[in-house]
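S.K.: Below is the structure I would like to discuss, written out as structure tokens.
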Amino acid sequence: MDMQSRIRQLFQASIETKQQAMNVLAPSIEQAGQVMVHTLLSEGKILTCGNGGSAGDAQHFSSELLNRFERERPSLPAIALTTDSSTLTSIANDYSYNEVFS
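In the numbering used here, the protein residues as written are 478 to 579.
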């Protein structure tokens with residue numbers, strides 16, 4: 478298989494995966510959005526976390542809430558729990574990794 482065929486195959490697989498996930502995940506995403514709106518309207522904060530690359534996703538999401546996303550708007554309170562490496566490693570060291578985000 479040549480490189481362009483492989484690239485097309487990977488795109489097609491990605492499209493199919495997203496189409497399958499759309500129906501399965503849409504209700505959960507809607508529910509999560511409703512919980513976040515309720516939290517913000519109740520003067521709470523959105524806390525995000527992740528492991529590995531997902532930690533980067535969590536930080537990016539928090540940044541989009543704190544800054545603008547697609548349009549100018551007031552900042553929304555959010556904290557990425559993965560940005561404090563000293564706290565993360567001290568909790569993991571003193572207790573366990575199971576306790577880091579608990």
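Just so you know, even glycine gets a beta-carbon here, dropped at the ideal spot from N, CA and C.
1) Just the C-alpha distance for Q511 and L487, rounded to the nearest angstrom, thanks.
2) Looking at A557: is its Cβ nearer than 9 Å to the Cβ of T516?
3) To the nearest angstrom, how far is the alpha carbon of A503 from that of M478?
4) Please report the Cβ distance between L553 and L542, rounded to the nearest whole angstrom; I am assuming they are in contact, meaning their Cβ atoms lie under 8 Å.
5) Count the other C-beta atoms from every protein chain shown that fall within 10 angstroms of the C-beta of S539, then say buried if there are 16 or more, exposed otherwise.
6) Measure the CB-CB distance between G521 and G527 and report whether it falls below 9 Å.
7) Would you list the residues sitting across from T525 in a DSSP beta bridge?
8) Kindly list the residues whose CB is nearer than 6 Å to the CB of V577, restricted to its own chain and excluding five residues on each side of it in sequence; keep chain order.
9) Less than 7 Å between C-beta atoms, sequence neighbours within five positions excluded: which residues of the same chain meet that for M513?
M.R.: According to the structure data:
1) Walking along the sequence shown from the start, residue 511 turns up at place 34. Walking along the sequence shown from the start, residue 487 turns up at place 10. In a straight line, the C-alpha of Q511 is about 33 Å away from that of L487.
2) The residue given as residue 557 occupies position 80 in the sequence shown. The residue given as residue 516 occupies position 39 in the sequence shown. In this structure, T516 does not lie closer than 9 Å to A557 by Cβ.
3) As a working mapping, residue 503 is identified with position 26 in the sequence shown. As a working mapping, residue 478 is identified with position 1 in the sequence shown. When rounded, the distance between both Cα atoms is 35 Å.
4) Here residue 553 corresponds to residue number 76 of the sequence shown, with the count starting at 1. Here residue 542 corresponds to residue number 65 of the sequence shown, with the count starting at 1. Sure, about 4 Å apart at Cβ, within 8 Å.
5) As a working mapping, residue 539 is identified with position 62 in the sequence shown. Looking at its Cβ environment, which holds 16 or more other Cβ atoms inside 10 Å, S539 is buried.
6) If you number the sequence shown from 1, residue 521 lands on position 44. If you number the sequence shown from 1, residue 527 lands on position 50. No, Cβ-Cβ distance for G521 and G527 is not below 9 Å.
7) The residue labelled residue 525 in the question sits at position 48 within the sequence shown. Residue pairing by DSSP places T525 opposite A557 in a beta bridge.
8) Your numbering for residue 577 matches position 100 in the sequence shown. Result list for V577: L565, I568 and A569, in chain order.
9) Here residue 513 refers to the residue found at position 36 of the sequence shown. Here the set comprises I523.
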